[in-house]
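Asks: Numbering (this note's numbering), first residue to last: 1 to 157.
Note that the Cβ used here is the ideal one computed from N, Cα and C, for glycine as well.
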Amino acid sequence: MKLTFESNLQYQHEAIKSITDLFEGQPLEDSIMEFNLKEEGSLNLINGVGNNLILSEDQILENLQAIQVNNEITVSEKLDGMHFSVEMETGTGKTYVYLRTIYELNKLYDFKKFVIVVPSIAIREGVLKNLEITHEHFQTLYDNIPVNFQVYDSTKV
C-alpha cells in the first residue's frame, strides 16, 4: 500500500507561509556559513556548514508582527529570544507542515541544517517514520533535493 499526500491544503500553506515569512528579507546567497572549532596545536574539532541568519532581531520582529496581524492574533511588542510557536489543531497535519516548512526554508533561503527536538522516544520514532513515508512526496515537490536525516546520539558526536 502506498500513501498519498494532499499538497494543496490552503490552511497548511498558510501555516508554512507564516513560518517562512519570519525570514522575509534574508538574502539567499549569504545563508551558508562555514565554521570550524579548532584550538591551536590540536586537531580540528568541528568543521562544517551552518545556516547564517543575516536579518537583525528588529527585522525578525517586524516580520513577526506582520504575520501576527495577518493571522489576527495578538501582536508581540518584543521578541522573546528567537523562540516561536506554531499552533495547530490535532489532526490537521502539524508534522507534515513542519517537515514541508523545512523544504520551503531550504528553497527560499538555502537553509540546510535543521534540528527537530521531540519530548519522547515514541514521538521521535513517529517523526522518523513520517520522514520516511513523506520522503518521496517531498522529493517530487522539491526537485529531488538531497536529504539526510538521522537521530542525534550524544555518545557518538
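Straight-line CA distance for Lys-129 to Tyr-142?
Replies: 19 Å
Asks: From His-137 to Tyr-152, what does the alpha carbon distance come to, in whole angstroms?
Replies: 24 Å
Asks: Can you give, in chain order, each stretch of the alpha helix (DSSP H) that sits fully within the region 74–156 and has at least 4 residues?
Replies: 94–109, 121–141
Asks: Counting only the same chain and skipping the five closest in sequence on each side, list residues whose C-beta sits under 7 Å from that of Gln-59.
Replies: Gly-25
Asks: Are Ile-145 and Tyr-96 touching if we call contact CB-CB under 8 Å?
Replies: no
Asks: Do you know offhand how far Thr-134's Cα is from Ser-120's?
Replies: Whole-angstrom Cα-Cα distance: 21 Å.
Asks: Asn-51 by DSSP, collapsed to three states: which one?
Replies: Strand at Asn-51.
Asks: If you follow the alpha helix (DSSP H) that Glu-6 is in, where does it begin and where does it stop?
Replies: Glu-6 -> no alpha helix (DSSP H), and no H or E assigned at all.
Asks: Around the C-beta of Leu-79, are 16 or more other C-beta atoms found within 10 angstroms, so that it is buried, or is it exposed?
Replies: exposed
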